[in-house]
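**Q** Read top to bottom, the protein sequences are chains Y and S. Here this note's numbering is used: the first residue of the first sequence is 255, the next is one more, and so on. Here this note's numbering is used: the first residue of the second sequence is 622, the next is one more, and so on. For glycine and all other residues, C-beta sits at the position ideal for the given N, C-alpha and C.
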Amino acid sequence: MTEDKMAGTPIIRIKNLKKDYKIRSSKLGQPPRVLHALSGVSLDLFQGETLGVIGESGCGKSTLGKCLVQLTRPTAGEILYNGQNLCALSNSALKPVRKELQMVFQDPYSSLDPRFTTKAAIEEPLIIHGLERDSKKRRETVLAMLREVGLDVQHMDRYPHEFSGGQRQRINVARALVLQPKVIVCDEPVSALDVSVQAQVLNLFSSLQKRHNLTYIFISHDLSVIKHISDRVAIMYLGTVVELCDADEIYQNPRHPYTKALLSAIPPDSPFEKAQKLTLSGEIPSPIGDLTGCPLAGRCPERMPVCSQKRPALKEISPGHRAACFLYHQEEYAEE
Amino acid sequence: MTTKNSPPLQDALGSAEQAAMLKKERRANSAWNKLLRNKTAVIGLVIIVIMLILAVFAPLIATHDPNALAISKAFRAPGVAGHIFGTDEFGRDLFSRIVYGARISIFVAVGGTLVGSIIGLLLGLVAGYQGGIADSVIMRIMDGMFAFPFILLSIILMTILGSGVFNVILAIGISNVPSFARIVRGQVHVVKNEEYCTAARVLGAGGSRILFRHILPNAISPTIVYFTLNVAGSIISEAALSFLGLGIMPPTASWGNILQGGRGALNTAPHIATISGIFILITVLGFNLFGDGVRDVLDPKMKR
Numbered sequence: 255m256t257e258d259k260m261a262g263t264p265i266i267r268i269k270n271l272k273k274d275y276k277i278r279s280s281k282l283g284q285p286p287r288v289l290h291a292l293s294g295v296s297l298d299l300f301q302g303e304t305l306g307v308i309g310e311s312g313c314g315k316s317t318l319g320k321c322l323v324q325l326t327r328p329t330a331g332e333i334l335y336n337g338q339n340l341c342a343l344s345n346s347a348l349k350p351v352r353k354e355l356q357m358v359f360q361d362p363y364s365s366l367d368p369r370f371t372t373k374a375a376i377e378e379p380l381i382i383h384g385l386e387r388d389s390k391k392r393r394e395t396v397l398a399m400l401r402e403v404g405l406d407v408q409h410m411d412r413y414p415h416e417f418s419g420g421q422r423q424r425i426n427v428a429r430a431l432v433l434q435p436k437v438i439v440c441d442e443p444v445s446a447l448d449v450s451v452q453a454q455v456l457n458l459f460s461s462l463q464k465r466h467n468l469t470y471i472f473i474s475h476d477l478s479v480i481k482h483i484s485d486r487v488a489i490m491y492l493g494t495v496v497e498l499c500d501a502d503e504i505y506q507n508p509r510h511p512y513t514k515a516l517l518s519a520i521p522p523d524s525p526f527e528k529a530q531k532l533t534l535s536g537e538i539p540s541p542i543g544d545l546t547g548c549p550l551a552g553r554c555p556e557r558m559p560v561c562s563q564k565r566p567a568l569k570e571i572s573p574g575h576r577a578a579c580f581l582y583h584q585e586e587y588a589e590e
Numbered sequence: 622m623t624t625k626n627s628p629p630l631q632d633a634l635g636s637a638e639q640a641a642m643l644k645k646e647r648r649a650n651s652a653w654n655k656l657l658r659n660k661t662a663v664i665g666l667v668i669i670v671i672m673l674i675l676a677v678f679a680p681l682i683a684t685h686d687p688n689a690l691a692i693s694k695a696f697r698a699p700g701v702a703g704h705i706f707g708t709d710e711f712g713r714d715l716f717s718r719i720v721y722g723a724r725i726s727i728f729v730a731v732g733g734t735l736v737g738s739i740i741g742l743l744l745g746l747v748a749g750y751q752g753g754i755a756d757s758v759i760m761r762i763m764d765g766m767f768a769f770p771f772i773l774l775s776i777i778l779m780t781i782l783g784s785g786v787f788n789v790i791l792a793i794g795i796s797n798v799p800s801f802a803r804i805v806r807g808q809v810h811v812v813k814n815e816e817y818c819t820a821a822r823v824l825g826a827g828g829s830r831i832l833f834r835h836i837l838p839n840a841i842s843p844t845i846v847y848f849t850l851n852v853a854g855s856i857i858s859e860a861a862l863s864f865l866g867l868g869i870m871p872p873t874a875s876w877g878n879i880l881q882g883g884r885g886a887l888n889t890a891p892h893i894a895t896i897s898g899i900f901i902l903i904t905v906l907g908f909n910l911f912g913d914g915v916r917d918v919l920d921p922k923m924k925r
């Protein structure tokens with residue numbers, strides 16, 4: 255299944271995406287320092303797949319999502335959607351693209367306007383894009399959308415505070431879906447929900463994907479959620495993708511030392527099972543300022559001299575499996 | 622109410638009942654109904670309504686022509702010869718003057734607050750939403766205006782503009798602009814960063830849509846509260862300006878200039894200053910009580 259997808263042309267190509275934030279210096283006259291939220295991310299997204307993006311907080315996964323829908327303009331790099339570079343488009347030129355590129359936000363509470371009824375919230379995108387000018391038809395479209403996400407007529411004229419978290423997230427999904435997008439960026443859509451509700455919402459995502467042939471970028475810090483929903487997984491660390499491969503493969507055969515450490519953090523199924531814990535010592539280095547070498551170099555158990563001099567590129571190490579680590583790029587290492 | 626596995630028919634029935642209940646509950650919880658359950662707000666509202674009736678139906682309520690001079694009847698005590706509140710220093714019927722004065726005083730106060738709030742609202746919206754240079758420039762100018770005491774600013778404006786009802790409104794309005802701008806800007810700052818505004822941007826909404834459909838309705842509550850409280854302040858400002866001889870010019874009656882006229886005769890005819898003063902006091906109290914009630918309803922976090 256994944257092989258077919260790999261063979262197809264990607265729907266979105268991210269090329270060397272960078273996002274820097276300038277931090278005002280504390281001292282007068284000091285040059286502003288730079289925070290590298292994304293330092294060179296390259297990813298391909300294929301039609302109909304779910305790409306899970308995982309990483310600890312502060313690694314840039316949300317920034318990646320925001321750049322994808324152009325909520326923040328990246329500093330450098332390209333995002334090619336149907337051959338168009340989104341980063342080069344003006345806001346008005348971006349409007350038709352926004353129809354096809356939607357986002358579901360993390361917080362179901364604050365992402366709905368408290369003064370908009372469900373109907374008003376879901377029909378707003380239709381009004382913005384002038385898709386359905388007849389208000390009766392619009393009502394029908396909204397109702398159809400609500401039914402699709404598991405809500406019904408009686409929910410139409412209610413306000414957000416009258417719903418539970420799971421229901422609100424369903425409304426959010428309906429609002430994103432009503433424009434019939436091709437790609438939906440899900441920025442931790444279930445992390446604010448109860449575990450029992452998480453499963454329902456995740457299943458909703460899966461069934462909608464099948465019905466509408468959607469492509470998801472699913473951002474999360476929850477390993478089990480990612481495992482459940484993703485076809486491929488990208489592991490992020492400090493603004494870079496360190497490993498990218500099929501979801502099953504990454505849990506069975508992690509290659510990058512960071513991925514190995516991350517996965518060993520999953521508690522074993524039984525409390526009596528002795529799991530081999532692989533802990534990284536130290537803290538994530540600060541993303542502020544320039545960093546030479548591999549971002550993991552200071553903490554990696556398999557560190558080599560080259561690691562602190564050069565940054566490893568994300569390269570294929572076996573079919574469909576990419577990692578950014580010198581352990582697997584021997585030829586490059588030998589060149590040094 | 623209904624479980625997930627219940628048959629669809631029952632679900633539909635349940636939902637109709639549910640919807641009706643919800644509607645009822647929502648109506649009971651609407652801002653207006655909450656306001657009517659608030660005692661202080663109702664007292665304030667009653668006072669305001671009485672004053673408004675006085676102002677609107679002044680020609681019907683007044684017993685005499687408010688501007689008819691009769692020097693021979695000057696300084697009559699209340700109740701004497703059909704003058705309910707007595708007469709003033711020119712023998713004009715005080716009751717009629719108070720009633721007509723309500724018109725001017727309330728009109729000027731509401732008008733002044735309206736001018737101030739509209740200008741302040743627009744400036745605050747722009748400053749809060751745009752941020753950056755626009756924000757700095759607008760808010761620095763507002764800070765500059767804040768540096769002048771309110772009454773001094775009004776006096777300067779009145780001196781420049783000259784007297785007249787609309788100039789008083791303008792002067793009070795302009796003096797009110799900075800505080801409205803500040804309140805609105807602060808609120809816009811809070812709401813602007815809410816995720817639903819970000820979500821609207823992803824949906825393709827333009828700046829004006831986000832500003833007026835999402836930010837404004839969510840940021841307006843404190844402004845409404847401040848508006849009601851500010852009307853009370855503006856009644857006092859008008860009275861103060863008229864008292865200083867800069868506001869409404871006689872013979873047009875306003876509570877401020879009636880008070881000023883009564884000041885000279887405080888020993889011989891204390892009723893002139895007392896009655897006009899009481900009317901100012903009661904009206905200001907009414908607006909303050911109402912404003913407090915509005916705040917309790919719209920801005921529960923501010924409560925005490």
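Could you tell me whether any Cβ in chain S is nearer than 8 Å to the Cβ of residue 257 (chain Y)?
**A** Note that residue 257 (chain Y) has pLDDT 44, beneath the 50 cutoff, so the model's placement of it is unreliable and the number below is only indicative. Output row for residue 257 (chain Y): interface = no.
**Q** Please name the residue or residues paired with residue 472 (chain Y) in a DSSP beta bridge.
**A** In the DSSP output, where bridge partners are listed per residue, residue 472 (chain Y) has Y:306 and Y:440.
**Q** Three-state secondary structure (DSSP) at residue 264 (chain Y)?
**A** Strand at residue 264 (chain Y).
**Q** Do we get a CB-CB distance below 8 Å when we pair residue 817 (chain S) with the residues of chain Y?
**A** Yes, its Cβ sits closer than 8 Å to a Cβ of chain Y.
**Q** Please identify, using Cβ separations under 7 Å, the residues of the stretch 354 to 365 of chain Y that lie next to chain S, in order along the chain.
**A** So the close ones are 356, 357, 359, 361, 364 and 365.
**Q** Mind checking which residues open and close the alpha helix (DSSP H) that includes residue 371 (chain Y)?
**A** Where residue 371 (chain Y) is concerned, there is no enclosing alpha helix (DSSP H), given that its DSSP letter is neither H nor E.
**Q** Does DSSP put residue 257 (chain Y) in a helix, a strand or coil?
**A** Here residue 257 (chain Y) scores only 44 on pLDDT, less than 50, and its place in the model should not be relied on; the value that follows carries that caveat. Residue state, collapsed to three classes: helix.
**Q** In chain S, which residues lie less than 7 Å from residue 195 (chain Y) when you measure between Cβ atoms?
**A** Outside the displayed span of chain Y (255 to 590) sits residue 195 (chain Y), for which this structure offers no information.
**Q** Starting from the N-terminal side, write out each stretch of the alpha helix (DSSP H) that is 4 residues or longer and does not extend beyond the stretch 802 to 858 of chain S.
**A** Runs found: 816 to 823 and 837 to 840.
**Q** Looking at C-beta atoms only, is the number of pairs between the stretch 414 to 429 of chain Y and the stretch 437 to 449 of chain Y that lie closer than 8 Å three or more?
**A** The stretch 414 to 429 of chain Y, when compared against the stretch 437 to 449 of chain Y, does touch it at the 8 Å Cβ threshold.
**Q** Does any residue of chain S have a CB that is nearer than 8 Å to the CB of residue 400 (chain Y)?
**A** False, the Cβ-Cβ gap to chain S never drops below 8 Å.
**Q** Going by the DSSP bridge assignment, what does residue 554 (chain Y) pair with across the sheet?
**A** None; residue 554 (chain Y) has no bridge partner.
**Q** Label residue 642 (chain S) either buried or exposed according to how many other C-beta atoms from any shown protein chain fall within 10 Å of its C-beta, with 16 as the threshold for buried.
**A** Flag for residue 642 (chain S) reads exposed.
**Q** For residue 839 (chain S), decide whether its Cβ has a neighbour in chain Y, counting only Cβ atoms nearer than 8 Å.
**A** Closer than 8 Å to some Cβ of chain Y, the Cβ of residue 839 (chain S) qualifies, so yes.
**Q** Hey, quick one: how far does the beta strand (DSSP E) through residue 490 (chain Y) stretch, first residue to last?
**A** Segment 486 to 491, the beta strand (DSSP E) holding residue 490 (chain Y).
**Q** Could you spell out the range, first to last residue, of the alpha helix (DSSP H) harbouring residue 538 (chain Y)?
**A** It is not in any alpha helix (DSSP H) - residue 538 (chain Y) carries neither H nor E in the DSSP assignment.
**Q** So is residue 830 (chain S) in contact with chain Y if we call contact Cβ pairs under 8 Å?
**A** Chain Y contact via Cβ: present.
**Q** Report yes or no: is there a C-beta of chain Y within less than 8 Å of the C-beta of residue 624 (chain S)?
**A** Any reading at residue 624 (chain S) is ruled out, since the residue's pLDDT is 42, under 50, leaving its predicted position unreliable.
**Q** Buried or exposed, going by whether 16 or more other CB atoms sit within 10 Å of the CB of residue 630 (chain S)?
**A** In this prediction, residue 630 (chain S) scores a pLDDT of 42, lower than 50, which makes its location untrustworthy; no coordinate-derived value is stated.
**Q** For residue 614 (chain Y), report the span of its beta strand (DSSP E) as first-last.
**A** Nothing can be reported for residue 614 (chain Y), as the shown portion of chain Y is limited to 255 through 590.
**Q** Taking a contact to mean a Cβ-Cβ separation below 8 Å, would you say residue 274 (chain Y) touches residue 297 (chain Y) in this structure?
**A** No, the Cβ-Cβ distance between residue 274 (chain Y) and residue 297 (chain Y) is not below 8 Å.
**Q** Are there 16 or more other CB atoms within 10 angstroms of the CB of residue 520 (chain Y), so buried, or fewer, so exposed?
**A** Per the 10 Å Cβ criterion, exposed.
**Q** Residues of chain Y with a CB under 9 Å from the CB of residue 835 (chain S): which are they?
**A** Per Cβ cutoff of 9 Å: 367, 369 and 370.
**Q** Which chain Y residues sit within Cβ distance under 8 Å of residue 643 (chain S)?
**A** Those within 8 Å of residue 643 (chain S) in chain Y are 412 and 416.
**Q** Could you tell me how far apart the beta carbons of residue 492 (chain Y) and residue 549 (chain Y) are, in whole angstroms, since I believe they sit closer than 8 Å?
**A** Confirmed, Cβ separation roughly 4 Å.
**Q** Is it true that the stretch 665 to 672 of chain S meets the stretch 693 to 707 of chain S, where meeting means three or more beta-carbon pairs spaced less than 8 Å apart?
**A** No: the two stretches stay apart, fewer than three of their Cβ pairs being nearer than 8 Å.
**Q** Thinking residue 425 (chain Y) and residue 372 (chain Y) are a contact (beta carbons under 8 Å), I'd like their distance in whole angstroms, please.
**A** Indeed, because the Cβ distance is near 6 Å, the residues count as touching under 8 Å.
**Q** Please check if any C-beta of chain Y sits within less than 8 Å of the C-beta of residue 820 (chain S).
**A** Residue 820 (chain S) counts as touching chain Y.
**Q** Any idea if residue 388 (chain Y) is buried or exposed, counting beta-carbon neighbours within 10 angstroms, 16 or more meaning buried?
**A** The residue is exposed, with fewer than 16 neighbouring Cβ atoms inside 10 Å.
**Q** For my contact list, residue 452 (chain Y) and residue 479 (chain Y) are in at a C-beta cut-off of 8 Å; report their separation, rounded to the angstrom.
**A** Contact holds; Cβ gap of about 7 Å.
**Q** Opposite residue 578 (chain S) in the DSSP bridges: which residues?
**A** A question about residue 578 (chain S) goes unanswered here, because the residues of chain S that appear run from 622 up to 925.
**Q** Could you compute how far the alpha carbon of residue 545 (chain Y) sits from the alpha carbon of residue 745 (chain S)?
**A** Distance between the alpha carbons of residue 545 (chain Y) and residue 745 (chain S): 42 Å.
**Q** What did DSSP end up calling residue 734 (chain S) once you bin it into helix, strand or coil?
**A** In this structure, residue 734 (chain S) counts as helix in the three-state DSSP scheme.
**Q** State yes or no: is the beta carbon of residue 477 (chain Y) nearer than 8 Å to at least one beta carbon in chain S?
**A** Chain S, which has no Cβ nearer than 8 Å to the Cβ of residue 477 (chain Y), makes this no.
**Q** Identify which residue in S:776, S:879 and S:692 has its Cα closest to the Cα of residue 721 (chain S).
**A** When only C-alpha atoms are compared, the closest one is S:879.
**Q** On the DSSP bridge assignment, give the partners of residue 499 (chain Y) in chain order.
**A** Answer is Y:487.
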